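Undergrad: Numbers 3 to 62, taken from my numbering, label the letters of the sequence shown in order.
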Amino acid sequence: MRVKLEELRSEHRDLDDVIQRLTETSPFNQLQIQRLKKRKLALKDQIIKLESKLLPDIIA
Numbered sequence: 003m004r005v006k007l008e009e010l011r012s013e014h015r016d017l018d019d020v021i022q023r024l025t026e027t028s029p030f031n032q033l034q035i036q037r038l039k040k041r042k043l044a045l046k047d048q049i050i051k052l053e054s055k056l057l058p059d060i061i062a
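(1) Assuming Leu-38 and Leu-17 make a contact with CB atoms under 8 angstroms, what is their CB distance in whole Å?
(2) Thinking C-beta only, is Leu-24 closer than 8 angstroms to Ile-35?
(3) Whole-angstrom Cβ separation of Lys-7 and Leu-57, contact assumed at under 8 angstroms?
(4) According to DSSP, simplified to helix, strand and coil, what is Leu-57?
(5) Go to Thr-27, then tell me how far its alpha helix (DSSP H) extends in each direction, as first and last residue.
As structure tokens, this is what we get:
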């Protein structure tokens, strides 16, 4: 699971870089950027789920 988590984090960072580069060029495709941001958000959700599975619940 840790390997999958690192793969997701890497893809998330890569998407961040791609989005940044696309928004710097003019004109940019707004639809493409929206799709990339949606994918990035889905990756973030997957990352959070995996992290919560890897970290034990601590009851204070």
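C-beta: ideal position from N, C-alpha, C; glycine also. Given the structure is predicted, the values throughout are model-derived calculations rather than measurements.
TA: In brief:
(1) That pair is a contact at about 6 angstroms.
(2) For the pair Ile-35 and Leu-24, the CB atoms are nearer than the 8 angstroms cut-off.
(3) Note that residue 7 is Leu in the sequence shown, not Lys. By a beta-carbon distance limit of 8 angstroms, Leu-7 does not contact Leu-57. Their separation comes to about 11 angstroms.
(4) The answer is coil: DSSP assigns Leu-57 none of H, G, I, E or B.
(5) Segment: none, Thr-27 is in no alpha helix (DSSP H) and carries neither H nor E.
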